[in-house]
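Numbering (the numbering used here), first residue to last: 8 to 412.
Even for Gly, the Cβ is constructed at its ideal location relative to N, Cα and C.
The structure presented is a predicted model; accordingly, all values stated were derived computationally and were not measured.
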Amino acid sequence: MFLALWYYLHGYVMITVSGFSVERFVNMATFRGIYLWNIQPKGSSIQMNVSSKGYSLLKECAEKTGCQYHIVRRCGLPALIRKYKKRKILAFGILFFVAALYTLSSFVWTIEVEGNERIAKEDILTACENIGMSAGKLKWNMHTDEVTQKLLETFPDISWVSVSIKGTNALVKIVEAIPQPEMIDKITPSNLIAKKDSVIQSITTEAGTPIVQSGDVVKKGALLISGEVIIAAGEEAEVGREYIHARGTILGKVWYTLEESVPLQYTEKMYTGEEKKDKSIMIGNTILNVIQPNMEDSTYDKEKTSVNQFAIGDFKLPVAYIQETYKVYETIQKQRTEEQAKKELENRLKQKAEEIAEGEIENIDIIYKIEENNVIATATITVVEEISEEQKREENTAYENKEEL
Numbered sequence: 008m009f010l011a012l013w014y015y016l017h018g019y020v021m022i023t024v025s026g027f028s029v030e031r032f033v034n035m036a037t038f039r040g041i042y043l044w045n046i047q048p049k050g051s052s053i054q055m056n057v058s059s060k061g062y063s064l065l066k067e068c069a070e071k072t073g074c075q076y077h078i079v080r081r082c083g084l085p086a087l088i089r090k091y092k093k094r095k096i097l098a099f100g101i102l103f104f105v106a107a108l109y110t111l112s113s114f115v116w117t118i119e120v121e122g123n124e125r126i127a128k129e130d131i132l133t134a135c136e137n138i139g140m141s142a143g144k145l146k147w148n149m150h151t152d153e154v155t156q157k158l159l160e161t162f163p164d165i166s167w168v169s170v171s172i173k174g175t176n177a178l179v180k181i182v183e184a185i186p187q188p189e190m191i192d193k194i195t196p197s198n199l200i201a202k203k204d205s206v207i208q209s210i211t212t213e214a215g216t217p218i219v220q221s222g223d224v225v226k227k228g229a230l231l232i233s234g235e236v237i238i239a240a241g242e243e244a245e246v247g248r249e250y251i252h253a254r255g256t257i258l259g260k261v262w263y264t265l266e267e268s269v270p271l272q273y274t275e276k277m278y279t280g281e282e283k284k285d286k287s288i289m290i291g292n293t294i295l296n297v298i299q300p301n302m303e304d305s306t307y308d309k310e311k312t313s314v315n316q317f318a319i320g321d322f323k324l325p326v327a328y329i330q331e332t333y334k335v336y337e338t339i340q341k342q343r344t345e346e347q348a349k350k351e352l353e354n355r356l357k358q359k360a361e362e363i364a365e366g367e368i369e370n371i372d373i374i375y376k377i378e379e380n381n382v383i384a385t386a387t388i389t390v391v392e393e394i395s396e397e398q399k400r401e402e403n404t405a406y407e408n409k410e411e412l
């Protein structure tokens, strides 16, 4: 590897040797310290490489062995410089390109994140930027060990981080910690209260004293199951009270009101089939338009954007080609019937009901009315759902006897 680089920088010559004593020619040259390599037979002759300095010493070997040799081509950096000596602009361009490529390869231009599921990629990139690792910074100014440590300190949900730099790309690999299961508090004294207005459908008490029963109408905040339990010695004698964590399932009938409207006359998009391309080059964070279509007199939807970043192997350059596609459309006036409007409203209301309901939908009652060009639908949604929520007691005493009361 080192010899190949050495001879490339100092120049070498590819030659062919012919004659009756080619092997003797090679042995004599080697004995005189002339380095020959890449020796290959070519018909009745042999092709080989020799350094520029060694080439000047081959004449005596050829005379003594009766062989002839001639140059196939000169290779290496000196030959390249001679070739482009008269093409100064081209040579300067090549040197400039090599220098620019070397300079650009000293920076990190892209940062990728792998392994994140619960933690947003944007949050990780923002944290990396705050730590000092961001696109456009020199690679040797980025300390991966420090970034790793800071990310672990910033995100408690990360159990493992690996930060590596390959080419012009920085890769952040993370492993998120397994979330701890939610601990259910069964000790702290508490009551169950209504979290919304409803009619009690059923109540199942696991711990505590039930206050309501099926068919009762309750308001938001009403006590449903009390955590206060009376302790009796006999049928009537009360000796104390215990305050526990109330538990149970209370289903209640809840009503929701939704309203939607649709116009009988409306506009609709009709695509013409014409597509226009907006092509641009992004250098760093600067976007330069190459082909920008005239869209002033057109109505359009931006369908897709493709970004192709230029790269040489693992070296991603801060240059990208961006193409956006626009689909041109016209608006046309359309008319829907009253029945079509009602059907669309019914579908919308059912979808909304599914989104807001926290239990089983028992009934949907819809009333329609027409005002000017609009059909308006008002729906009453009946849902049977869990209506209780915990309310901790202010007293922290787990037990009180009758005298203390």
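How is the beta strand (DSSP E) around residue i delimited, first residue to last?
i, result
"Gln-156", "Here Gln-156 belongs to no beta strand (DSSP E); instead the alpha helix (DSSP H) covers 151-161."
"Pro-196", "Premise fails: Pro-196 is in no beta strand (DSSP E) and is neither H nor E."
"Tyr-42", "No beta strand (DSSP E) holds Tyr-42; DSSP gives it neither H nor E."
"Ala-177", "176-183"
"Lys-260", "254-270"
"Lys-173", "165-173"
"Asn-296", "293-298"
"Ser-25", "19-25"
"Val-206", "205-214"
"Ser-233", "230-233"
"Glu-119", "117-121"
"Glu-303", "Careful: Glu-303 lies outside any beta strand (DSSP E) and carries neither H nor E."
"Glu-396", "395-399"
Note down, in chain order, each residue of its chain lying with its Cβ closer than 6 Å to the Cβ of residue i, except the 5 sequence neighbours on either side.
i, result
"Thr-404", "Low confidence applies to Thr-404: its pLDDT is 37, below 50, so where it sits in the model is not reliable enough to give any reading."
"Phe-32", "Val-24, Cys-68, Thr-72, Cys-74"
"Ser-313", "Gln-330"
"Gly-228", "Ile-200"
"Glu-367", "Val-391"
"Gly-215", "Ile-232, Ser-233, Gly-234, Ala-253"
"Tyr-278", "Lys-334, Tyr-336"
"Glu-121", "Lys-180"
"Lys-157", "Ile-138"
Return the Cβ separation of residue i and residue j in integer angstroms, given the expectation that the two are a contact with Cβ distance under 8 Å.
i, j, result
"Ser-197", "Arg-400", "6 Å"
"Arg-343", "Tyr-273", "7 Å"
"Gly-259", "Gln-316", "Actually they do not touch by this definition, with Cβ atoms about 57 Å apart."
Considering residue i, what are the terminal residues of the alpha helix (DSSP H) in which it resides?
i, result
"Leu-7", "It is not possible to answer for residue 7, since the shown part of the chain is limited to 8 through 412."
"Gly-61", "59-62"
"Lys-71", "65-72"
"Lys-128", "128-138"
Can you tell me the Cα-Cα spacing of residue i and residue j, whole angstroms?
i, j, result
"Tyr-76", "Arg-39", "17 Å"
"Thr-431", "Asn-176", "Because the chain is modelled from 8 through 412, residue 431 falls outside the range shown and cannot be assessed."
"Gly-174", "Pro-163", "30 Å"
"Glu-397", "Glu-213", "14 Å"
"Val-297", "Lys-128", "31 Å"
"Asp-308", "Glu-393", "44 Å"
"Lys-95", "Leu-102", "10 Å"
"Ile-290", "Ile-329", "11 Å"
"His-150", "Lys-180", "15 Å"
"Ala-11", "His-17", "10 Å"
"Glu-275", "Glu-378", "22 Å"
"Leu-65", "Lys-90", "25 Å"
"Asn-381", "Thr-133", "47 Å"
"Met-35", "Ile-88", "32 Å"
"Glu-345", "Ile-373", "15 Å"
"Lys-349", "Glu-337", "27 Å"
"Gly-143", "Phe-104", "19 Å"
"Lys-357", "Ile-371", "8 Å"
"Lys-334", "Asp-304", "13 Å"
"Ala-253", "Val-115", "58 Å"
"Glu-411", "Ile-251", "Interpretation of Glu-411 is limited by its pLDDT of 34, a score under 50 that renders its predicted location unreliable; no figure is taken from the coordinates."
"Ile-78", "Ile-41", "16 Å"
"Gln-299", "Thr-332", "11 Å"
"Pro-270", "Ile-257", "42 Å"
"Ser-415", "Leu-159", "Residue 415 cannot be examined here, being either before or after the span of the chain that is shown, 8 to 412."
"Thr-117", "Ala-107", "18 Å"
"Ile-187", "Gly-280", "Rather than Ile, the amino acid found at residue 187 in this sequence is Gln. Whole-angstrom Cα-Cα distance: 53 Å."
Among residues of its own chain, excluding the 5 on either side of residue i, which ones have a beta-carbon nearer than 7 Å to its beta-carbon?
i, result
"Tyr-14", "Ser-58, Gly-83"
"Tyr-19", "Asn-56, Val-57, Ser-58, Ser-59, Cys-82, Gly-83"
"Thr-195", "His-252, Lys-399"
"Ser-113", "Leu-145, Lys-146"
"Leu-230", "Asn-198, Ile-200, Ile-218"
Residues in the same chain with beta-carbon distance under 8 Å from residue i, minus the five sequence neighbours each way, listed in chain order, please.
i, result
"Thr-2", "No information on residue 2 is available, as it lies outside the stretch 8 to 412 that the chain covers here."
"Leu-43", "Val-33, Ala-36, Thr-37, Met-55, Asn-56, Val-57, Gly-61"
"Glu-124", "Glu-183"
"Trp-262", "Thr-387, Ile-388, Thr-389, Val-390"
"Ile-288", "Ile-294, Leu-295, Val-297, Val-326, Ala-327, Tyr-328, Ile-329"
"Lys-341", "Gln-272, Tyr-273, Thr-274, Glu-275"
"Gly-100", "none"
"Met-302", "Lys-283, Tyr-333"
(request) Scan the region 314-391 and note each continuous alpha helix (DSSP H) run of 4 residues or more that stays entirely inside, going in chain order. (result) If you keep only unbroken alpha helix (DSSP H) runs of at least 4 residues inside the region 314-391, you get 345-363.
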